[in-house]
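Heads up, the thing below is written out as structure tokens.
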Amino acid sequence: MGRPKIMDQVTASMCQMGIGKISYARVLVNVEAVKELKSAIKIEYVDKGKNVKGSKEVQVEYEWKPKRCSHCMVFWHNVDKCKVRNRTESEIKEQNAEAEKLKTKQYMQNDGFIDVQQKKVIATHKLRPNEIATYKSTRTYTNRNLLNYRN
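Numbering follows our numbering, in which position 119 of the sequence shown is assigned residue number 1048; successive positions increment by one, without gaps.
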């Protein structure tokens, strides 16, 4: 299932002493996204000589389960939202239809106005190999014109 990281105080003291009975244990476990989360685990009771005295299957309850993608095997998104997997044609059509609806709805809400996304766009003039730019000027001169200009 995974490696235990932290236990609550009651569970930890029972594990250290080896005696007692509790109705549930609270354990923080580090799990791998590649493996499925189990619904039950098998617990073996051993003595000091490491001999198995008994075993029991215990149901596992999770306070919280993160989303897990079965395609790329990572947490925090499911297979529907996976950006790695290829989409079917029906999914692509559905996404395009949704985007069109959203665009139309946004257009209607803004009374036909379009929001400016990037206001500060600096336009630059690329110089050709035989051009020279003058300081604080928007004009450029070719080498031929520059010779005539200086004379």
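All C-beta atoms in this analysis are idealised placements derived from N, C-alpha and C, irrespective of residue type, glycine included. The structure displayed is predicted, hence computed values, not measured ones.
On a CA-only basis, which of the options is nearest residue i? Give me that one, please.
i        : options                               : result
Glu-965  : Arg-1014, Gln-938, Lys-994, Tyr-953   : Lys-994
His-1000 : Thr-1033, Glu-1027, Arg-1016, Lys-967 : Arg-1016
Tyr-991  : Lys-1032, Gln-1046, Leu-957           : Leu-957
By Cβ distance, which residues of its chain are closer than 8 angstroms to residue i, with the 5 residues on each side in sequence left out?
i        : result
Ile-972  : Ser-984, Lys-985, Glu-986, Val-987
Tyr-974  : Val-981, Lys-982, Gly-983, Ser-984, Lys-985
Lys-1018 : The question names Lys, but residue 1018 in the sequence shown is Glu. Result list for Glu-1018: empty, nothing under 8 angstroms.
I'd like to know whether the C-beta atoms of residue i and residue j end up nearer to each other than 9 angstroms.
i       : j       : result
Asp-937 : Arg-955 : yes
Glu-982 : Asn-959 : One point to set straight first is that residue 982 is Lys, not Glu, in the sequence displayed. Their beta carbons are not under 9 angstroms apart, which means Lys-982 does not touch Asn-959 by this criterion.
Lys-967 : Val-989 : yes
Under 7 angstroms Cβ to Cβ from residue i, same chain only, skipping five residues before and after it: list those, please.
i        : result
His-1006 : Lys-996, Cys-998
Val-963  : Met-1002
Suppose you measure from the CA of residue i to the CA of residue j; what does that come to, to the nearest Å?
i        : j        : result
Ile-970  : Val-939  : 20 angstroms
Lys-1022 : Lys-1030 : 12 angstroms
Ala-1028 : Tyr-953  : 48 angstroms
Lys-1032 : Ala-1026 : 10 angstroms
Val-1008 : Lys-979  : 43 angstroms
So what does DSSP say about residue i, is it helix, strand or coil?
i        : result
Leu-957  : strand
Asn-1080 : Residue placement at Asn-1080 is poorly supported in this model, since its pLDDT is 44, which falls under 50; the coordinates are not used for a value here.
Gln-1024 : helix
Val-989  : coil
Glu-965  : coil
Val-1008 : helix
Val-1003 : coil
Val-1013 : coil
Looking only at its own chain, which residues have a Cβ that is under 6 angstroms from the Cβ of residue i, when we skip the five neighbours before and after it?
i        : result
Phe-1004 : Ala-962, Pro-995, Arg-997
Val-1013 : Cys-1001
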